[in-house]
Amino acid sequence: MLNNFPLWPQQASTLAAHVDALYIFLLIVTGMMAMLIFACLIYFAARYRYRPGVPAEQIEGSNALEITWSAIPFLVFMAIFAWGAVVFFKERTPPADAAEVYVVAKQWMWKVEHAEGQREINELHVPVGRDVKLIMTSQDVIHSFYIPAFRIKQDVLPGRYTVEWFRATKPGVYHLFCAEYCGTQHSGMVGDIVVQEPAQYEAWMNGGSTGPLSASGEKMFGELGCSTCHRSDAQGRGPNLQGVYGQPVQLEDGRTVTADENYLRECILDPGAKRVKGFQPVMPTFQGLVSEEQVNALVAYIKSISANKPAGGAKTSASSSPPREPDRIQAQANVKVQAPLNAQPSTSQVH
Amino acid sequence: MATPILQPVERENYLNKEYGVWSWLLTTDHKRIALLYLLSITFFFFIGGFFALLIRLELLTPAGDLVQADTYNKLFTMHGMVMVFFFLIPSIPAVLGNFLVPLMIGAKDLAFPRINLLSWYLYIIGGVMMLHCILTGGVDTGWTFYAPLATNFTNSNFTEAALAIFVVGFSSILTGLNFVVTIHRMRAPGMTWSRLPLFIWAHYATSIIQLLGTPVIAVTIVLVACERVLHLGIFDPKLGGDPILFQHLFWFYSHPAVYIMILPSMGVVTEIIACFSRKRIFGYSFVAFSSIAIAVFGFLVWAHHMFVAGISVYSALVFSFLSYAVALPSAIKVFNWTATLYKGSIHYDAPMLYAFGFLGLFTIGGLTGLFLAALGIDVHVTDTYFVVAHFHYIMVGGAVMGYLGGMHFWWPKISGRLYPEGWARLAALIVFIGFNLTFFPQFVLGYMGMPRRYFDYSHMPEFQVLNVLSTAGSTVLGVGYLLPMLYFLWSMRYGKPASDNPWNAAGLEWKTASPPPTFNFDEEPVVTWEAYNYEELDAPHKSEVPVGR
């Protein structure tokens, strides 16, 4: 019903209902507070207007009242705070098996790359009912990836990844906005989120793929010479990257970090910053040598050779996919029939 | 009576003591400096307002057809910079505060009269730089000048605008310093802390923020300048910097800056409500300490501007919680003002209408703040028109309503003349209606998802109706803001002479002449009464002075 109300945004993701529920709760609660205050103001203003010979009655104050009208709003505030935090944690916790899409923002366009290799500009095609995680970075200034119909927004920063996720619930075309002011054509940095039924989505996917992102990453891994040091045995001058994604890594300076997307990215662009324990600082920086898209491909490749994470865009909606295997190496390797499966690393598990 | 009376009060006062340009430009009289500020901030208010009008006209249609994209970006940037740094922050403190703080506490002047004059000159130097910057092409970074857009990407003359803000910041620091020392050291005998008007408490809290917060924006601007000129890599990720660090530094000042704008307005409204309901303010100490609480908590909530900026979920959690904590003292104030009306004897003169307007708009602004502090909702509405509406309700609905209410309330004291009451009531009504018509639709626009700072929304023409409403409202609002300027000017020449205390109001400023003599009081006042002693003032044996008019 709310969807047809012209003064209300469309509701097209699983999160939208949660956000709207809290919003309606807040409208009611703050509406009641406002009505209470305004009713008192208007009543007092009318009832106690100046009348000759009727002086004001001086009242010093009342601690009991002060405590009451501090405590009750405080409790209400805490309820709103807690509810808001619960919704926020939902928004900020991508499901582990979400399909991954890489987004690169630049002045003034959105470049999107699916794990399967499809590229789009200012458009993002997604199927209904699948969790999608966006891994985003910017080439220049700060942008913000905002889909009102999904009630999600996340700033996109240069120099690191930020993520957001959603599960679309309704086919349709929805607005994509850049919400962080980014220069001259900020208001032109808009696009469409195209939510399709799984079958249509498959059809769209079949057109014009250049092969999975991780495959181009693997190719680059060879071409850039990464593979000469990062060998798949223990003999390399650099750490073996098999299975490294998502695992804790011991650093030379004694710290331990988790090898997430941001860590992998930083190691490529600034290898000296968080050097792995036991390795010499021999790796050159690739800052300026590889584009954001190439970094994404490399990260996607390193993730694809890690056993613990079914990364990539594999999990289609239940109707078209076979039952998912337990996570193993390359569980991501494209349950989707049309994907060029043989482009995957030799370790990949093919369905 | 064909000839207007030029000098209704024969006795010497701060206005007629000396004439000539130098008697103004070299004055150390806090009242004259207040008038210098009044002239300068009014000038900037109308510049900022002109930009706002152009912004609203552009948004009348979805296509970007009135101005170019770059021009629009400059318009909202300059609107923000001019209104925040050159109007709102100095508005009440530098005009009404400057005029009234010494008068209210029974002092001859501020503690450092020459520093007070210096602060005005710094304001003017910053203002001239800003004007030069506007006239030579303007800036397109947004008033928030986020890195790396402002540090590495903009081609506009951002460095000059940043320096202008840097300089005007020192003006603000010096005003704050002056007030803190004055309030501590120069209160008249008997004027204890618990007898201070709540206007003074509000200015004390404001001054503390000015003193502690403004240096941070100065440091930030220096870092930005270093980044722009020397490419040090403080904020630039390509050189190992962190753009989020800029946001932390920026909001560490710029969030408390909102309280620099609203606290003095709260002080004004407190005085007005007490006077026009003829009552001591309900819960004096709660209202006083809530000002201090706002000043303190206000420093702990800056990252609520950054929930989607890339900070961790746990720091977002902490800042959301603290934002609810800072909402509480504001709520306490609203409840106490409302309770003050209870069993009052309420008069509806123009200042009181502005105070009522403040209560309505500030309440809406405050309550919508609860939406933005709720993490789950903020993700959706931040950087949309919801935020634009919210902060205009606080900073324009709240702060400017208070400022105008205060200007009307103390105009007889400042000018020695009465303003035309009928026009003033009409203006208050027009401002209230125009304001709501302009900004209420923006809440709806924001929840529907219209982002801020879009000059062209042809991709989403469904937003037009609400934008047309908003633009229509802004023209009404513009008329509402022009009217007071016109009739205040008119009244300086043609207004009826004001008595010393036309409102029969409590407070030392009403116990001296209108306009006051140069050193404020003919003899040093000794305070033997509590603040807001309206019971005594209205007692039958004293009631020969008519209340109101």
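Keeping their order, the protein sequence lines are chains A and B.
So the first sequence is numbered by my numbering: it starts at 1 and just counts up by one.
So the second sequence is numbered by my numbering: it starts at 1001 and just counts up by one.
The beta carbon of each residue, even a glycine, is placed where N, CA and C say it ideally should be.
| request: Just tell me which of Val-190/A, Val-128/A, Val-244/A and Phe-25/A has its CA closest to the CA of Ala-82/A. | output: Phe-25/A
| task | Excluding the 5 residues preceding and the 5 following Pro-1451/B in the sequence, name in chain order all residues of the same chain whose CB lies nearer than 7 Å to its CB. | result | Asp-1383 and Thr-1384, listed in sequence order.
| query | For Trp-165/A and chain B, any beta-carbon pair shorter than 7 Å? | reply | Residue contact with chain B for Trp-165/A: absent (no Cβ-Cβ distance below 7 Å to any residue of chain B).
| task | Find out if the Cβ-Cβ distance for the pair Ala-1288/B, Leu-1198/B is shorter than 7 Å. | result | yes
| message | Rounding to the nearest angstrom, what Cα-Cα distance links Tyr-1532/B and Ala-1316/B in this structure? | response | Those two C-alpha atoms are separated by around 42 Å.
| message | Check whether the region 1114 to 1129 of chain B and the region 1174 to 1189 of chain B touch, using three or more Cβ-Cβ pairs below 8 Å as the test. | response | yes
| task | Spatial neighbours of Gly-1298/B within its chain, please: CB distance less than 8 Å, with the 5 preceding and 5 following residues excluded, ordered by chain position. | result | Ile-1209, His-1255, Pro-1256, Val-1258, Tyr-1259 and Val-1326
| query | Straight-line CA distance for Leu-1015/B to Ala-1111/B? | reply | So the alpha carbons of these two residues sit roughly 21 Å apart.
| task | Give the single residue among Ile-1105/B, Gly-1213/B and Phe-1386/B whose Cα lies nearest to the Cα of Thr-1598/B. | result | Outside the displayed range of chain B (1001 to 1549) lies residue 1598/B, so it cannot be described from this structure.
| field | Status (buried if at least 16 other CB within 10 Å, exposed otherwise) for Thr-1220/B | value | buried
| Do the region 236 to 255 of chain A and the region 269 to 285 of chain A make contact, defined as three or more Cβ pairs closer than 8 Å? | yes
| field | Beta-carbon neighbours of Asn-1520/B, restricted to chain A and to distances below 8 Å | value | Those within 8 Å of Asn-1520/B in chain A number zero; the least Cβ separation is about 29 Å.
| query | Can Val-101/A and Val-128/A be called in contact, C-beta distance under 7 Å? | reply | no
| Nonlocal neighbours in the same chain, by C-beta distance under 6 Å from Ser-1171/B, ignoring five residues either side | Ser-1119, Leu-1122 and Tyr-1123
| request: Out of Pro-1102/B, Met-1401/B, Ile-1041/B and Phe-1391/B, point me to the one whose CA is closest to Ile-1200/B's CA. | output: Pro-1102/B
| Taking DSSP as the reference, what is the three-state secondary structure of Leu-289/A? | coil
| said: Any beta carbon of chain B sitting closer than 7 Å to that of Ser-13/A? | reply: no
| field | Rounded straight-line distance, which links the Cα of Phe-1145/B to that of Phe-1250/B | value | 9 Å
| Assigned secondary structure, Met-109/A (DSSP; H/G/I helix, E/B strand, else coil) | DSSP places Met-109/A in strand when its eight states are reduced to three.
| request: Tell me Leu-134/A's beta-bridge partners as DSSP assigns them. | output: According to DSSP, Leu-134/A bridges with Val-101/A and Glu-164/A.
| Hey, does Glu-1535/B have any beta-carbon neighbour from chain A nearer than 7 Å? | yes
| query | Opposite Glu-123/A in the DSSP bridges: which residues? | reply | Asp-192/A
| message | Would Gly-84/A and Pro-212/A qualify as a contact pair, given that the criterion is a beta-carbon distance under 7 Å? | response | no
| query | Using the C-alpha atoms, what's the distance from Phe-1391/B back to Cys-178/A? | reply | Going by the C-alpha atoms only, they are around 21 Å apart.
| query | Would DSSP call Pro-326/A helix, strand or coil? | reply | For Pro-326/A, the predicted structure reports a pLDDT of 39, less than 50, and the residue's modelled location is therefore unreliable. A value from the coordinates is still provided. Pro-326/A falls in the coil class under three-state DSSP.
| field | Residue range of the alpha helix (DSSP H) that includes Phe-221/A | value | 213 to 223
| query | Are Glu-91/A and Leu-134/A close, meaning C-beta to C-beta below 7 Å? | reply | no
| Simplified DSSP assignment, three categories, for Ile-67/A | helix
| field | Proximal residues of chain B, C-beta to C-beta of Arg-49/A below 7 Å | value | Ile-1346
| field | Residue range of the unbroken beta strand (DSSP E) whose run includes Leu-176/A | value | 172 to 178
| field | Neighbour list for Lys-1279/B in chain A, Cβ cutoff strictly below 9 Å | value | Ala-56, Glu-57, Gln-58 and Ile-59
| Between the C-alpha atoms of Leu-36/A and Ser-1470/B, what's the straight-line distance to the nearest angstrom? | 27 Å
| field | the region 1436 to 1457 of chain B: positions lying closer than 8 Å to chain A by Cβ | value | Val-1444, Tyr-1447, Met-1448, Gly-1449, Pro-1451, Arg-1452, Arg-1453, Tyr-1454, Phe-1455, Asp-1456 and Tyr-1457
| request: State the Cα-Cα distance for the pair Asp-327/A and Ala-96/A, rounded to the nearest angstrom. | output: Caution applies to Asp-327/A, whose pLDDT of 39 falls short of 50 and renders its modelled position unreliable; the value that the coordinates give is listed next. Near 11 Å, if we compare the C-alpha coordinates of Ala-96/A and Asp-327/A.
| Does DSSP put Lys-1279/B in a helix, a strand or coil? | DSSP places Lys-1279/B in coil when its eight states are reduced to three.
| query | Tyr-1419/B CB to nearest chain A CB: under 7 Å? | reply | no
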